[in-house]
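A.B. asks: For what it's worth, the numbering used here labels the leading residue of the sequence shown as 6, then goes sequentially.
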Amino acid sequence: LMVKTCGFVRHSYTRISLALVIVCFVSACSDTRAIRRETLSDLHAESLLTLPLREGPAGFDRLDRALHGHFGANDDASAIDRIATQEPATLRDGYVVRRYLRLDDERHMLVELSSEPCFPVKQAIAIARPDPSRMDNYQRTGIYTATGEGMSVGFSADGFKRDCVISLEIVETPR
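1. Alpha carbon to alpha carbon, what distance is there between PHE165 and ARG70?
2. Could you tell me which of PRO179, VAL176, CYS169 sits nearest to ALA50, measuring between CA atoms?
3. Which one or two residues does DSSP pair with SER119 in a beta bridge?
4. DSSP three-state label for CYS34, please.
5. Grouping DSSP H, G and I as helix and E and B as strand, with all else coil, what is PHE124?
6. Exposed or buried, which one is GLY64 when buried takes at least 16 other CB atoms within 10 Å?
7. Relative to the C-alpha of ARG107, which residue among ASN142, ILE175, ARG97 is closest?
Right, dumping it as structure tokens:
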């Protein structure tokens with residue numbers, strides 16, 4: 006049985022095909038990798054070191070968004086007032102971020118970790134790989150610095166418990 010459609014069916018299929026091609030083209034041309042909004046509970050303590058050192062400014066920004074998402078910021082308040090009201094956050098691996106402070110519009114932040122549970126300095130050294138020629142000085146002062154991808158991550162050990170990382174300073178270095 007043959008039904009004459011005057012080409013309507015063929016045009017209808019053509020329009021549908023064209024519409025599908027446009028949809029596919031638009032979705033392929035748009036960035037399908039949406040910015041992943043990580044939360045602090047998604048991150049591990051080692052992320053505090055690896056994101057800036059391996060991904061550079063983009064890693065700093067990812068870390069900053071996660072920290073800012075939990076701790077927020079009141080730009081009108083002094084730094085002391087901002088950190089006084091912060092509630093600690095537990096990372097995915099159980100370590101605790103006590104405080105966070107973004108110092109200015111540049112990429113520069115301070116992060117304080119709780120010493121319970123203890124994020125081991127030895128583990129931080131293995132991850133960040135600070136300059137080995139300065140290891141004697143680092144071990145004497147308890148302050149370590151690693152650089153990578155245009156970022157510097159300084160971390161320090163607890164004054165009494167030299168085996169625990171308690172603070173980090175993450176800053177973009179001039180290129």
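Glycine residues also receive a C-beta, built at the ideal position from the N, C-alpha and C atoms.
For clarity, every value in this text was computed on a predicted model and none was experimentally measured.
C.D. replies: According to the data block:
1. The residue you call residue 70 lines up with position 65 of the sequence shown. The residue you call residue 165 lines up with position 160 of the sequence shown. Rounded to the nearest angstrom, the two C-alpha atoms are 32 Å apart.
2. What you label residue 50 is simply residue 45 of the sequence shown in a count that begins at 1. When each option's Cα is compared against that of ALA50, the closest is CYS169.
3. One-based indexing of the sequence shown puts residue 119 at position 114. SER119 pairs with nothing; no bridge assigned.
4. Against the sequence shown, residue 34 aligns to sequence position 29. Residue placement at CYS34 is poorly supported in this model, since its pLDDT is 39, which falls under 50; the coordinates still yield a value, given next. In the structure shown, CYS34 sits in a helix (DSSP, three-state: H, G or I).
5. Position 119 of the sequence shown, counting from 1, holds the residue named residue 124. PHE124: coil per DSSP, three-state reduction.
6. The residue labelled residue 64 in the question sits at position 59 within the sequence shown. Buried, because 16 or more other Cβ atoms sit within 10 Å of the Cβ of GLY64.
7. Working through the sequence shown from its first residue, we reach residue 107 at position 102. It is ILE175.
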